[in-house]
Amino acid sequence: MSENQNRRDEGSEVVYRRLPDPEAEGGFAGGAKGESARIAAKGRLAPTLRPLLVGFILLLALIGLLGYFSRRELGTVESGTTFLQSQYTTKVKQLLDLQSAALRLNTEARLRAAAESRRELMPPFELQLSNARNELAGKLSLLERMPFAAQENWRVLHERLRSFVESTKNLDSFSLEGFTRFRDVDAQMQVLQSELIREPLEVQQKSEELQLQSARRIRFWWIIALVIGVLVIAATMWEVQRRYRHEQQSLGEARRERQFSTQMLEGMVSAVAAIDARAHIRSANAAFFEIFPRASVGLSVYDKFAAPETKRMLEAAVAEPVESATYRGRWVLDGETDGAPRTFDLYSSPLLIDEEQGQIVTLVDVTHAVESESVLRRTEALAAVGQASAQVAHEIKNPLGSIRLGVSMLRDMTRDEEAISTIDLVERG
10 MSENQNRRDE GSEVVYRRLP DPEAEGGFAG GAKGESARIA AKGRLAPTLR
60 PLLVGFILLL ALIGLLGYFS RRELGTVESG TTFLQSQYTT KVKQLLDLQS
110 AALRLNTEAR LRAAAESRRE LMPPFELQLS NARNELAGKL SLLERMPFAA
160 QENWRVLHER LRSFVESTKN LDSFSLEGFT RFRDVDAQMQ VLQSELIREP
210 LEVQQKSEEL QLQSARRIRF WWIIALVIGV LVIAATMWEV QRRYRHEQQS
260 LGEARRERQF STQMLEGMVS AVAAIDARAH IRSANAAFFE IFPRASVGLS
310 VYDKFAAPET KRMLEAAVAE PVESATYRGR WVLDGETDGA PRTFDLYSSP
360 LLIDEEQGQI VTLVDVTHAV ESESVLRRTE ALAAVGQASA QVAHEIKNPL
410 GSIRLGVSML RDMTRDEEAI STIDLVERG
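Residue numbering for the sequence shown follows this note's numbering, starting at 10 and increasing by one per position.
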C-alpha cells in the first residue's frame, strides 16, 4: 500500500494510525502535536518544567537573599566607618571649640584682673567676661550630651573646665587659682590632642576590622547559599530525572497500548475509519484502505477517490451526526479490484475529535453471509419441493393399493378364464 495513504494533511490529527513500526518518524507526532496544542491552548505548564521553575525560583530567591545580606553588611560597614569618622570629627570640633572658649575666658578674666589691679576705670557690668563664661558653659553643656563624654580624658577635661569656669566668677579666686586651673585645662587638652592625633589610625583599624567582620559574615552567607544552591540543584535534577523516568514509562506504556490498539485495528476484518466534523478522514485501518485503495488520511469523503456508489455509502454515513451507534443499512458495491460485488453493513458511532463531534464509520463485510443465506434459501426451497412431491406421491399411492386388493379378491372368487384374463389386463394397467 502506498506510503501516501499513511500521511495526514497539515492541521489534522490521527486518531488511529496504520504504522508497522510505532517508533517510525511521526508515529506519535499527530497525537503529541494535538495534545501539545491543547495544552498550549489551555495555558498549562508542562509537568517536567515545574520542578525546573521551582528550582530557578529558589535559586533566584537565594541570590536575592545573598545580595540583601551582602548589601546590609556593606551598609553596616559604611555606617560604622561613617560613625567613627563623624565621631572623630565631632571630637576635634568640640576640642577646638572648648579650647577657643577657654582661651577667650582666660583672656577676659586676666584682662579684668589686670585692670582691677591697676585700679582702672571699669564698666559696672562684666559683660565680656560673662559672655565668655556663658559661651564656655554652653560648650560644656553640649559636651555632656556627646556619646564620648563618659570617656576618661573627656570627663577629666570637663571637670577641669568646670573648675576653671567657677574660678573666673571671683577675681580674687582667679588671681590665686586661675593660672593653675587653666594650666591643668591646657595640659588635659594637650593629652586629648595627642589622643586625637592617634585616633585616625584607630578609626582606620576599626574600619578594617568592620570590613573583615562583614567579609567573614558575607563569606558565611555565601557558603550557606552555595550549599543550599547545590541542594536545590540536586533536588531539582532528582525531581526532573524522576519525572523523566515516569514520563518515559508512561510513553512506553502508551506506545505499547498504541501498538496493541493498532494491531487490533489492523487485524480487524471490518473496515474502520475515523471521520471528523468536516467529513475528513482522520484515520483508518488496513481493511478500509483495501476497500478504498485511492483514499488517504486527510481526504474528504466528498473527494473523488472511489466509485459513485461507494462514495454515496460514505456520504450517507456522515450525512448527519449520531449520538449512539446507528445502523446505516446494507450496501452492495462493485469491487474495484476484482469486479466481484461485495455486500457491507454500514454503522456509525459518535467520536470526539479535537473537541468536535466526529464519527467512527464501520463497514462489516457480509458478502459470504449473504451468499450463505442465498444458498440456504435455495436449499430450503428444494427441500420444500421434495417434501411436497413425496406427500403427493403418498396420496396417489393409497387408492392404487385398494384397487389392487379388490382385483386380487376378484381373481380368487372367479374361475372363468375370460374373467381372469380381464383381471390381468386391469392389473397391468
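Just so you know, even glycine gets a beta-carbon here, dropped at the ideal spot from N, CA and C. Predicted, not measured: the structure shown is a model, and the values here were computed from it.
Worksheet item: Using the C-alpha atoms, what's the distance from V86 back to T99?
Response: Their backbone Cα atoms lie some 20 Å apart in a straight line.
Worksheet item: Hey, which unbroken runs of the alpha helix (DSSP H) at 4 residues or more fall wholly within the stretch 286-310?
Response: Positions of the alpha helix (DSSP H) runs, each at least 4 residues long and wholly inside the stretch 286-310, are given as 295-300 in order along the chain.
Worksheet item: Around the Cβ of M246, are there at least 16 other Cβ atoms within 10 angstroms (buried) or fewer (exposed)?
Response: Counting the other CB atoms within 10 Å of its CB gives M246 a total below 16, which places it among the exposed residues.
Practice prompt. For my contact list, V370 and T352 are in at a C-beta cut-off of 8 Å; report their separation, rounded to the angstrom.
Written response: The beta-carbon distance between V370 and T352, rounded to whole angstroms, is 16 Å. This is too long to meet the 8 Å contact definition.
Discussion item. Using only CA atoms, which one of A334, G338 and S305 lies nearest to R321?
Written reply: Nearest Cα to R321 within the set A334, G338 and S305: G338.
Worksheet item: Taking C-beta to C-beta, are K148 and A124 nearer than 7 Å?
Response: The answer is no: Cβ separation not under 7 Å.
Worksheet item: Apart from the five residues on each side of it in sequence, which residues of its chain come closer than 6 Å, Cβ to Cβ, to S184?
Response: Hits under 6 Å: A122.
Worksheet item: Are three or more beta carbon pairs between the stretch 203-213 and the stretch 225-245 nearer than 8 Å?
Response: No: the two stretches stay apart, fewer than three of their Cβ pairs being nearer than 8 Å.
Item to complete: Run through the stretch 232-294 for me and flag every whole beta strand (DSSP E) of 3 or more residues, listed as ranges in chain order.
Response: Listed in chain order, the complete beta strand (DSSP E) runs (minimum 3 residues) inside the stretch 232-294 are 280-284 and 290-293.
Fill in: Buried or exposed by the 16-neighbour rule on C-beta atoms within 10 Å, applied to H289
Result: buried.
Fill in: Buried/exposed call for E332, threshold 16 Cβ in 10 Å
It counts as exposed.
Item to complete: Express the C-alpha separation of R169 and V194 in angstroms, rounding to a whole number.
Response: Approximately 6 Å between the Cα atoms of the pair.
Practice prompt. Give a yes or no on contact between the stretch 262-275 and the stretch 303-312, applying the rule of three or more CB pairs nearer than 8 Å.
Written response: By the C-beta criterion, the stretch 262-275 is judged not to be in contact with the stretch 303-312, since fewer than 3 inter-stretch pairs fall below 8 Å.
Worksheet item: On the three-state DSSP scale, how would you describe Q366?
Response: Residue state, collapsed to three classes: strand.
Worksheet item: Quick one: what's got a C-beta closer than 8 Å to V101's C-beta in the same chain, skipping five residues either side?
Response: So the list reads L205, once near-sequence residues are dropped.
Fill in: Segment limits, beta strand (DSSP E) that includes R339
For R339, the uninterrupted beta strand (DSSP E) run begins and ends at T335 to D343, by DSSP.
Discussion item. Check whether chain C comes within 7 Å of G84, counting only Cβ atoms and requiring the distance to be less than that.
Written reply: Absent here is chain C; the protein component of the structure consists of one chain.
Worksheet item: What span of residues does the alpha helix (DSSP H) with R171 cover, start to end?
Response: That run of the alpha helix (DSSP H) goes E161 to S176.
Worksheet item: Whole-angstrom Cβ separation of Q94 and V174, contact assumed at under 8 Å?
Response: A Cβ-Cβ separation of about 31 Å leaves Q94 out of contact with V174 under the 8 Å criterion.
Discussion item. Am I right that L107 and L152 are in contact with their C-beta atoms under 8 Å? What's the rounded C-beta distance?
Written reply: A Cβ-Cβ distance of about 7 Å is found for the pair L107 and L152, placing them in contact under the 8 Å criterion.
Worksheet item: Which residues in the same chain have their Cβ closer than 6 Å to the Cβ of D421, if we skip the five residues on either side of it in sequence?
Response: If the five residues before and after D421 are omitted, its C-beta is found closer than 6 Å to no C-beta atom of its own chain.
Worksheet item: Helix, strand or coil: which one does DSSP assign to T431?
Response: In the structure shown, T431 falls within a helical segment according to DSSP collapsed to helix, strand and coil.
Worksheet item: Do E256 and P60 come within 7 Å of each other at the CB atom, strictly closer than that value?
Response: Contact: no.
Worksheet item: Ordered along the chain, which non-local residues of its own chain (more than five positions away) have a Cβ less than 7 Å from that of K215?
Response: Listed in chain order, the non-local C-beta contacts of K215 below 7 Å within the same chain comprise L93, local neighbours out to five positions each way being set aside.
Worksheet item: According to the neighbour-count rule (16 or more other Cβ atoms, all chains shown, within 10 Å of its Cβ), is L323 buried or exposed?
Response: Here L323 is buried, its C-beta having at least 16 other C-beta atoms within 10 Å.
Worksheet item: Exposed or buried, A282, counting other C-beta atoms within 10 Å across all chains shown (16 or more means buried)?
Response: Around the CB of A282, 16 or more other CB atoms lie within 10 Å, so the residue is classed as buried.
Worksheet item: Span of the alpha helix (DSSP H) holding R321?
Response: Run containing R321: P317 to A326, per the alpha helix (DSSP H) assignment.
Practice prompt. Mind reading off the beta-carbon distance from V236 to Q197? Whole number of angstroms is fine, and I expect it under 8 Å.
Written response: Rounded to whole angstroms, the Cβ separation of V236 and Q197 is 55 Å, and the two are not in contact under 8 Å.
Discussion item. Going by DSSP, what residue range makes up the alpha helix (DSSP H) through E153?
Written reply: It spans L136 to E153 - the alpha helix (DSSP H) in which E153 sits, taken as one unbroken run.
Discussion item. According to DSSP, is T99 part of a helix, a strand, or is it coil?
Written reply: In the three-state reduction of the DSSP assignment, T99 falls in the helix class.
Discussion item. My assumption, with CB atoms under 8 Å, is that A234 sits in contact with L75. Please give the rounded CB distance.
Written reply: Yes, A234 and L75 are in contact; Cβ-Cβ is about 5 Å, under 8 Å.
Practice prompt. Under the assumption that L372 contacts A295 (Cβ atoms under 8 Å), give the Cβ distance between them as a whole number of angstroms.
Written response: L372 to A295, Cβ: 13 Å. No contact.
Discussion item. Is it buried or exposed, Q103, if we count other Cβ atoms within 10 angstroms and call 16 or more buried?
Written reply: With 16 or more other Cβ atoms within 10 Å, it is buried.
Discussion item. E365 and A286 - do their beta-carbons sit closer together than 7 Å?
Written reply: Yes, the pair counts as a contact, with Cβ atoms nearer than the cut-off.
Worksheet item: Would L62 be called buried (16 or more neighbouring beta carbons within 10 Å of its own) or exposed?
Response: Exposed.
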